[in-house]
Amino acid sequence: MQFFTTAIAALSMSSVFAAPVAEPRQATNAITTVFNTVADVKLTVTDELSTVTKLVADLKSTVVGDVVQKQTVATVQRTLSNVETELHGVLGLVLGTVTNTVVPLVGAELDNVPVLLKDVKAIVEKVKVTVTGVVGNVSDDVLITLKPELKLVLSLVNTLVTPVVQLATGLVGEVTGGVVPEVTSLVGDVEGLAGGLLSPVTGGLLGKIL
Ligand SMILES: *[C@@H]1O[C@H](CO)[C@@H](O)[C@H](O)[C@H]1NC(C)=O
């Protein structure tokens, strides 16, 4: 009997040691890189798009077809092209992450998910405001010159939304409460914004520059 009790004790001791260590799972490096990169790109792209708006305002006081106008338009093109490069980078990064298994985050790390969505929402909003301003402020011939870049920026930002939402949803996992209502509401915002950019039915911006 004594032996039996000791054996049980030994058994339960060993199963204690064998039990998986309930450590919170850490965000993988890849996810951390996505969070940091999106935060950086939000700042860079916001700056670049503010530059576009400023340049377009400058264009109003230039003479049609003169050197200053041509140079300014070329700078707008280059700036939009930088925005494309930034967005392409983020898109590649996010796509690379969602094609691997997305492990749900736990604890305080979950707070990064609404931040990610807010950053992406800010990017989409800034693109929308900027492109609307460009379309409404430049002459027809300048618009024709800028169309390819404008279209690319719009479609990139739209393409980005789907994998970002997929990633955010995967990172939240089966959790309820906490950040979930905020994440759900931000997902709705971001998807609505992106849809509005492209939808011809709602007078989408892209329709105006096709
Ligand atoms: C022209 O650009 C300004 C910003 O510089 C913006 O506030 C305004 O809405 C734009 N106009 C149109 C018609 O889009």
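Residue numbers for the sequence shown, in this note's numbering: 530 to 739.
Using N, Cα and C, we set each Cβ at its ideal position, and we do this for glycine too.
Simplified DSSP state of residue i, which is helix, strand or coil
i: S668; result: coil
i: T591; result: coil
i: L726; result: helix
i: V631; result: coil
i: G621; result: helix
i: V744; result: Past the edges of the chain, shown from 530 to 739, lies residue 744, and the structure says nothing about it.
i: V704; result: coil
i: T582; result: helix
i: T557; result: coil
Delimiting residues of the alpha helix (DSSP H) encompassing residue i
i: A637; result: Taken as a continuous stretch (DSSP letters only), A637 belongs to no alpha helix (DSSP H), as it is neither H nor E.
Distance between beta carbons of residue j and residue i, contact taken as under 8 Å
i: V627; j: L696; result: 5 Å
i: V642; j: L616; result: Going by Cβ atoms, the distance from V642 to L616 rounds to 20 Å, so no, they are not a contact pair.
Cβ-heavy atom distance, residue i to ligand 2, below 7 Å
i: K599; result: The model on display carries ligand 1 but not ligand 2.
Cβ-based neighbour list, residue i, same chain, cut-off 6 Å, excluding 5 preceding and 5 following
i: A559; result: T626
Same chain, Cβ closer than 8 Å to residue i, five either side skipped, listed in chain order
i: N666; result: V585, A586, L588 and K589
i: S640; result: Before going further, note that residue 640 is Asp rather than Ser in the sequence given. Hits under 8 Å: V708.
Cut-off 7 Å between Cβ atoms - residues of its own chain near residue i, not counting five sequence neighbours on either side
i: L740; result: Here the chain covers residues 530 to 739 and nothing more, so residue 740 does not appear.
Please write down, chain order preserved, every residue whose beta carbon lies under 7 Å from a heavy atom of ligand 1. T582, V585, A586, T661, G662, V664, G665 and N666
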